[in-house]
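Just below is one structure, and these are the notes that go with it.
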Amino acid sequence: MSLRLRLVATLGITLLLLWGLTAAWSMRDLSSQVDRSLDQRLAQSARMVAGLLDRVPASVWNGEEGGASTIPALEGVACRVSSLRGQVVAGTHPEMNDVLAVDAEGYSYRDHNGQRWRVYTLVDDDKRITVADRLRERESLLAQVRRAAFYPFLLASIGSLIALWWGVTRGLSPLSRLQRRLMSRDHDDLSALPIRGLPGEIRPLIDGFNTLLARTRRMLELEQRFTDDAAHELRTPLTAIRTHLQIARRVEGDSHREAMQQAEAGVERLTKTLDQLLLLARMESEEITRGSADPTLLGEALEAAMVETGSHDRCHWNESVNHIQIGLSGALLVIALRNLLENAIRHGSYDTSVEIEAQQMNGMAMIDIANQGEIIPSDQLVHLTERFHRGAHPQGSGLGLSIVKTLVESAGGSITLVSNEHTPFLVRLCLPTRTSSNDLYRHSIR
């Protein structure tokens with residue numbers, strides 16, 4: 003059932019019940035008032051007859067004059083005048099003495115020939131006046147009054163249902179417009195829906211829907227970007243591997259072994275590039291940066307990164323780095339440090355060490371990783387964190403610093419690159435910590 007029909011049915015049934023109860027109460031009250039009015043009319047008729055009989059000679063009531071007078075009768079109305087001794091002086095229906103012979107004063111019901119009568123008796127001095135109404139005429143009059151009163155209720159109920167349908171339709175028109183707008187959109191249109199002109203009750207729904215559209219659009223963009231990056235970066239390694247394999251088929255001896263070694267090296271580079279692309283895609287989609295609430299000791303993460311890169315002998319740092327806790331999960335911190343160490347070892351001089359310094363201040367940890375290598379011009383330095391920017395070293399994947407930047411920024415930190423005469427190349431990470439102390443720790447590596 004549609005929302006419109008559900009609202010109309012619920013509200014319509016409620017309105018009909020209210021109108022029905024109101025009509026039933028009104029009809030009951032109207033019936034009581036009509037009965038009271040007819041009883042009052044019956045009593046007034048008796049008093050009017052009593053007033054007319056005041057001019058009748060007293061000899062009539064004393065029985066000095068014989069015979070009873072006949073009063074002209076009306077349909078459904080009967081009357082009898084008698085003395086207190088029971089002598090009938092006048093009447094409309096002599097055959098209805100069983101109905102009109104009532105001694106007690108007041109109202110009563112009597113039956114005659116299967117018909118019910120409403121009787122009123124008035125005692126005035128020495129005479130008794132009895133008048134009666136046939137209930138069939140009363141019921142006919144009451145039915146006419148009820149019909150006259152019921153028609154307005156019926157028209158009001160029908161009008162209320164029509165007004166209800168119109169009001170619900172008009173009230174749901176924003177939803178209808180929204181439905182038409184959605185039906186007319188292209189299947190690839192993921193732009194946000196406008197909320198202007200929408201009622202406040204459905205704005206949270208549209209806000210949530212727009213958030214879902216934004217996430218979907220973001221995921222599709224990342225998927226397309228990953229596909230484009232993979233197609234761009236994997237084409238050259240695959241071509242090189244195929245070329246080396248073709249050469250290996252045609253030659254023998256040392257040339258064959260050299261071609262196979264080159265192919266294996268290409269496979270390793272291809273595998274590493276794929277791993278880097280997948281890692282970057284995961285971080286950009288915020289799948290691994292959420293919920294990283296457990297702090298990590300910098301020393302433990304640094305030790306794990308050196309083991310993975312095999313750079314333990316070339317790195318120098320102070321053991322007091324274990325005092326610093328980084329507000330990032332251990333796996334992510336190891337990834338960032340591993341990429342920085344690989345970059346420092348690859349692009350630094352072989353006979354120089356990698357120096358690591360760390361300090362903590364104002365809830366942030368600053369980690370410096372420096373190597374002795376060539377000075378990088380400032381116009382190239384600003385591009386090193388971009389995807390696939392390899393600079394003067396084409397053997398790399400061009401994703402290491404880009405991964406570090408994405409990871410650090412997602413954790414609420416920053417990355418800074420420095421290259422000058424005093425410091426050939428330095429990467430500074432600024433990451434949030436999980437310690438309350440603002441003391442300064444500085445750890446120099448000699």
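3 is the number of the first residue of the sequence shown in the working numbering; add one for each residue after it. Using N, Cα and C, we set each Cβ at its ideal position, and we do this for glycine too.
Subject >> 8 Å Cβ shell around Gly402 - same chain, five flanking residues per side excluded >> reply: Closer than 8 Å at Cβ, skipping near neighbours: Gln278, Asn341, Leu342, Glu344 and Asn345.
**OP:** Taking Asp381 as the reference, give the member of Leu419, Gly415, Thr245 and Leu86 with the closest Cα.
**Re:** The residue with the shortest Cα to Cα distance from Asp381 is Leu419.
**OP:** Would you identify the three-state DSSP class for Ile337, choosing helix, strand or coil?
**Re:** Here Ile337 sits in helix by DSSP.
Original post:
Pro434 lies in the alpha helix (DSSP H); which residues open and close that run?
Top reply: Premise fails: Pro434 lies in the beta strand (DSSP E), Phe427 to Pro434, not in any alpha helix (DSSP H).
Subject >> Close Cβ partners of Val429 (< 7 Å) along its chain, the five nearest in sequence each way excluded >> reply: Cβ neighbours of Val429 within its own chain (closer than 7 Å, five residues either side excluded): Leu342, Ile371, Ile417 and Leu419.
Original post:
Considering only residues of the same chain and omitting the five flanking positions on each side of Gly293, which have a CB-CB separation below 6 Å?
Top reply: Only weak support is given to the placement of Gly293: the predicted model assigns it a pLDDT of 44, under 50, and the value that follows is read from those uncertain coordinates. Excluding residues within five positions, none has a Cβ falling inside 6 Å.
Original post:
Who pairs with Val133 in a beta bridge, going by DSSP?
Top reply: Answer by DSSP bridge pairing, in chain order: Cys81 and Tyr122.
Original post:
Okay, do the region 104-121 and the region 135-152 touch, 3+ Cβ pairs below 8 Å being the bar?
Top reply: The count of Cβ pairs closer than 8 Å, one atom from the region 104-121 and one from the region 135-152, reaches three, so the stretches are in contact.
**OP:** Compute the Euclidean distance between the alpha carbons of His95 and Met29, then round it to the nearest angstrom.
**Re:** Those two C-alpha atoms are separated by around 34 Å.
**OP:** Look at the alpha carbon of Ala265 and the alpha carbon of His189, and state the distance between them as a whole number of angstroms.
**Re:** Straight-line Cα distance between these residues: approximately 44 Å.
Subject >> Proximal residues to Gly332 (C-beta, below 8 Å), its chain only, five neighbours per side dropped >> reply: Once the five neighbours on either side are set aside, the close Cβ partners of Gly332 are Asp296, Thr298, Glu302, Ala303 and Ala306.
Subject >> Presumed contact (8 Å Cβ cut-off) between Ile328 and Leu195, rounded CB distance >> reply: The pair is not a contact, with the Cβ atoms about 40 Å apart (cut-off 8 Å).
Original post:
Based on the DSSP secondary-structure assignment, which residues constitute the bridge partners of Tyr112?
Top reply: The sequence given here has Arg at residue 112, not Tyr. Arg112 is bridged to Trp119.
Original post:
Ser33 and Leu144 look like a contact to me (Cβ under 8 Å); what is the Cβ gap, rounded to whole Å?
Top reply: About 6 Å; that satisfies the 8 Å criterion.
Subject >> With 16 other Cβ atoms within 10 Å as the buried cut-off, status of Asn373 >> reply: The residue in question, Asn373, is buried, as its Cβ has 16 or more Cβ neighbours within 10 Å.
Subject >> Distance between Asp128 and Leu18 (C-alpha atoms, nearest Å) >> reply: Distance between the alpha carbons of Leu18 and Asp128: 57 Å.
Original post:
Just curious, the alpha helix (DSSP H) that Asn99 is in, first and last residue?
Top reply: For Asn99, the enclosing alpha helix (DSSP H) begins and ends at Asn99 to Leu102.
Original post:
Per DSSP, what kind of secondary structure is Gly461 in: helix, strand or coil?
Top reply: For residue 461 there is no data in the structure shown, the boundaries of the chain being 3 and 448.
Original post:
Where does the unbroken beta strand (DSSP E) through Val309 begin, and where does it stop?
Top reply: Note, Val309: premise wrong, no beta strand (DSSP E); alpha helix (DSSP H) at Leu300 to Thr311.
Original post:
Taking the Cβ atom as the reference point for each residue, do Leu166 and Val10 lie within a distance shorter than 8 Å?
Top reply: Taking 8 Å as the Cβ cut-off, Leu166 and Val10 qualify as a contacting pair.
Subject >> Beta-carbon proximity check, Leu366 vs Thr435, cutoff 8 Å >> reply: Checking the sequence shown, residue 366 turns out to be Met, not Leu. Yes, they are a contact pair.
Original post:
Asn212 to Ser193, Cα distance in whole Å?
Top reply: Taking the straight line from one Cα to the other gives about 8 Å.
Original post:
First and last residue of the beta strand (DSSP E) that includes Gly53?
Top reply: That residue, Gly53, is in no beta strand (DSSP E); its alpha helix (DSSP H) goes Leu5 to Leu55.
Original post:
Leaving out five residues before and five after Glu260 in sequence, what residues of the same chain have Cβ atoms less than 8 Å from its Cβ?
Top reply: Around Glu260: no qualifying Cβ.
Subject >> Residue of Ile347, Leu236 and Met262 minimising C-alpha distance to Met308 >> reply: Looking at the Cα atoms, Ile347 is the closest of the given residues.
Subject >> Range covered by the alpha helix (DSSP H) that runs through Leu184 >> reply: Counted as a single uninterrupted DSSP element, the alpha helix (DSSP H) harbouring Leu184 occupies residues Ser175 to Ser186.
Original post:
How close, in whole Å, do the beta carbons of Gly268 and His246 come, if the pair is a contact with beta carbons under 8 Å?
Top reply: Between Gly268 and His246 a beta carbon distance of about 7 Å is seen, short of the 8 Å cut, so the two are scored as contacting.
**OP:** Please confirm whether Val83 and Val51 have their CB atoms less than 8 Å apart.
**Re:** Yes, they are a contact pair.
Original post:
Taking C-alpha atoms, which residue in Leu7, Glu359, Arg244 and Gln42 lies nearest to Val133?
Top reply: Taking only the C-alpha atoms, the option nearest Val133 is Gln42.
**OP:** Please confirm whether Leu200 and Ile208 have their CB atoms less than 8 Å apart.
**Re:** In this structure, Ile208 lies closer than 8 Å to Leu200 by Cβ.
Subject >> Element boundaries [beta strand (DSSP E), containing Ile371] >> reply: Per DSSP, the unbroken beta strand (DSSP E) holding Ile371 starts and ends at Met366 to Asn373.
Original post:
At what residues does the beta strand (DSSP E) containing Ile417 begin and finish?
Top reply: In the DSSP assignment, Ile417 falls within the beta strand (DSSP E) that extends over Ser416 to Val420.
Original post:
CA-CA distance, Asn440 and Val410?
Top reply: Residue placement at Asn440 is flagged as unreliable, the pLDDT there being 40, under the threshold of 50; a coordinate-derived value is accordingly withheld.
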